[in-house]
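Report on the structure given below.
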Amino acid sequence: MTPPCSLQPAPGLIHLPPSSPRRYGLAIAPNGRTLFFADSRMHRIVEVDGYTGGALVGSWGRHGVAPGELDHPRGLTIHGSELIVADRGNHRLQVFDVSHAVHFSASRSRAARAPTTEGGMLLPPVDTLLPEVVLAPLRVIGGEGRGPGRFCRPYDTAVARSRLIVSEFEGRRVQVLTLMGAPLQILSLPGNGAPTGIAASADGFSVFIAQFDLHRLHRLSMCTGPPPGDIDVGLAAATDNFEACGDRRIAAGFLSA
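Here's what the structure looks like:
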């Protein structure tokens, strides 16, 4: 019999003060220790050490449209040593090599946090702590537009079986691309709601996408077989039942393997 378990606050709990800028995306590096989050209001990516209660490790980004600059970043995805950022306001994705991210010294990291009564660490407002640094991206994918490979407010990303899945909040669609950004497929979810968060299963055969305005959670199936010769455009078909926020719906579409 499986013993009961529950989530409990850990000694390394990171507390964000009420005045802190908005944090949206969160990604965990393969080492299980390094955390990245998108500081949307300050237009930057922040790296912290999860093992030491949120010690600041580094940050990069500033408001702008040039490569390496950001406009209200949202979703983050780690793939190997690459961090994929949904650069929402610039209608594009930016891919960074996090092994070459800008790091602070250890003394600055320790000084940038304060203990709390719960045993965690308080992360002060980052606008007073972090220098303005621009990290050159490995590549920039997309740009504003409705055509394949272009985006209208991309919200989140996921990688499934070497395919890049992108949700477009205002575009109200999901796109499938190669990891280098070549478009393969465009899907509209049932109900035409705004897709937001994305997560892929460990085996990459299932992709879960939230539609916050319709209170739905969709599951899309990654089908095996060769990718289509032309860009596939269509409606993700309902194929099964799935309990999610009171709405029983699974959406399944051909996502090229």
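If you count the sequence shown from 1, position 65 lands on 285 in this note's numbering, and the numbers rise without skipping. Glycine included, C-beta positions come from ideal geometry on N, C-alpha and C. On a predicted model such as this, the values are computed, not experimentally measured, just so you know.
Alpha-carbon spacing of residue i relative to residue j, whole angstroms
{"i": "L440", "j": "A402", "result": "20 Å"}
{"i": "T377", "j": "G278", "result": "22 Å"}
{"i": "G252", "j": "E289", "result": "27 Å"}
{"i": "V266", "j": "G424", "result": "27 Å"}
{"i": "N412", "j": "T272", "result": "43 Å"}
{"i": "G369", "j": "Q314", "result": "13 Å"}
{"i": "S319", "j": "R383", "result": "22 Å"}
{"i": "A258", "j": "D269", "result": "15 Å"}
{"i": "E352", "j": "V360", "result": "20 Å"}
{"i": "G309", "j": "I429", "result": "21 Å"}
{"i": "R328", "j": "P357", "result": "Below a pLDDT of 50, predicted positions are generally treated as unreliable, and R328, at 43, falls in that range; the measurement from the model is reported next regardless. Taking the straight line from one Cα to the other gives about 25 Å."}
{"i": "P287", "j": "E390", "result": "22 Å"}
{"i": "D317", "j": "S421", "result": "24 Å"}
{"i": "C372", "j": "R392", "result": "8 Å"}
{"i": "A306", "j": "C443", "result": "25 Å"}
{"i": "L399", "j": "D433", "result": "29 Å"}
{"i": "Y244", "j": "P250", "result": "20 Å"}
{"i": "S426", "j": "L397", "result": "16 Å"}
{"i": "A332", "j": "S408", "result": "Bear in mind that the predicted position of A332 carries a pLDDT of just 45, short of 50, making it unreliable; the figure below should be weighed with that in mind. Roughly 44 Å separates the two Cα atoms."}
{"i": "R264", "j": "G295", "result": "12 Å"}
{"i": "M262", "j": "Q405", "result": "33 Å"}
Run of the beta strand (DSSP E) containing residue i, from where it starts to where it stops
{"i": "T254", "result": "T254 to D259"}
{"i": "L407", "result": "P403 to S408"}
{"i": "P250", "result": "No beta strand (DSSP E) holds P250; DSSP gives it neither H nor E."}
{"i": "R312", "result": "R312 to D317"}
{"i": "A419", "result": "P415 to A420"}
{"i": "R436", "result": "R436 to C443"}
{"i": "T297", "result": "L296 to H299"}
{"i": "G362", "result": "R359 to G362"}
Member of the options whose CA lies at the smallest distance from the CA of residue i
{"i": "P374", "options": "D259, D291 and P250", "result": "D291"}
{"i": "G284", "options": "R381, R312, T398 and A420", "result": "R312"}
{"i": "L246", "options": "A286, E364, A275 and P293", "result": "P293"}
{"i": "I418", "options": "F316, V394, T254 and G367", "result": "V394"}
{"i": "H299", "options": "L437, V379, H435 and Y244", "result": "V379"}
{"i": "L303", "options": "E388, E364, F256 and S408", "result": "F256"}
{"i": "P410", "options": "V354, R436, V396 and R381", "result": "R436"}
{"i": "T416", "options": "R264, E388 and Q405", "result": "E388"}
{"i": "G362", "options": "L296, V386, R282 and M262", "result": "V386"}
{"i": "S301", "options": "T254, Q431 and G367", "result": "T254"}
{"i": "R282", "options": "L355, H438, A414 and L276", "result": "L355"}
Mind pulling the beta strand (DSSP E) runs of 3 or more residues that sit fully within the stretch 371-397? 374-380 and 383-388
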